[in-house]
Amino acid sequence: MNGLRTSERIINEVAQGMRGLDDAADWFSSLDEEGQDSVLREIVLYLIQVHVTAQDGRDGLARSGVKATMTPAVLIVREPILEQVGKIASLPPNEYLKAFRVLLSTFAVADTRRRETECRGTCSHAWHNLS
8 MNGLRTSERI INEVAQGMRG LDDAADWFSS LDEEGQDSVL REIVLYLIQV
58 HVTAQDGRDG LARSGVKATM TPAVLIVREP ILEQVGKIAS LPPNEYLKAF
108 RVLLSTFAVA DTRRRETECR GTCSHAWHNL S
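Below is the structure:
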């Protein structure tokens, strides 16, 4: 498994179109509250690493399946984006699933952009070479 943790693999499989968001959401829902909190914070770290933009947030929201009026959706389209993703990861447990869908969809958009620019043809990141 390339030495990746389960969460790392699932997050990156979604980002690369190898796993559906609904499947990942089912996996996320099977975790206990502490595990879910940990995964949300992990995605925030990935969003920082890929230099997420507000446009990534808007595009990610469109893919997330979360209604635009829900708290994570309202936050992801605001700036500064890094402050907003931190707020989303700090929402109460009853918001975790929506937060997961919004953050992971946003990561998928941002990571795709990064793979197509900075990592194109020369990437040695294990998480970008899952197959």
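So the sequence shown is numbered by this note's numbering: it starts at 8 and just counts up by one. Even for Gly, the Cβ is constructed at its ideal location relative to N, Cα and C.
Alpha-carbon spacing of residue i relative to residue j, whole angstroms
{"i": "Trp34", "j": "Ile18", "result": "11 angstroms"}
{"i": "Gln62", "j": "Ser71", "result": "14 angstroms"}
{"i": "Arg16", "j": "Ile50", "result": "12 angstroms"}
{"i": "Thr119", "j": "Leu11", "result": "19 angstroms"}
Option in the options with minimal Cα separation from residue i
{"i": "Arg121", "options": "Ala96, Leu11, Thr60, Gly72", "result": "Thr60"}
{"i": "Ala141", "options": "Glu41, Val57, Ser36, Thr78", "result": "There is no way to answer for residue 141, as the model of the chain reaches only from 8 to 138."}
{"i": "Arg48", "options": "Tyr103, Glu123, Gly24, Arg65", "result": "Tyr103"}
Check whether residue i and residue j have beta carbons under 8 angstroms apart
{"i": "Phe114", "j": "Leu54", "result": "yes"}
{"i": "Val46", "j": "Ile83", "result": "no"}
{"i": "Pro87", "j": "Glu40", "result": "no"}
{"i": "Ala96", "j": "Ala106", "result": "yes"}
Burial state of residue i, where buried means 16 or more other Cβ atoms lie within 10 Å
{"i": "Lys74", "result": "exposed"}
{"i": "Ser112", "result": "buried"}
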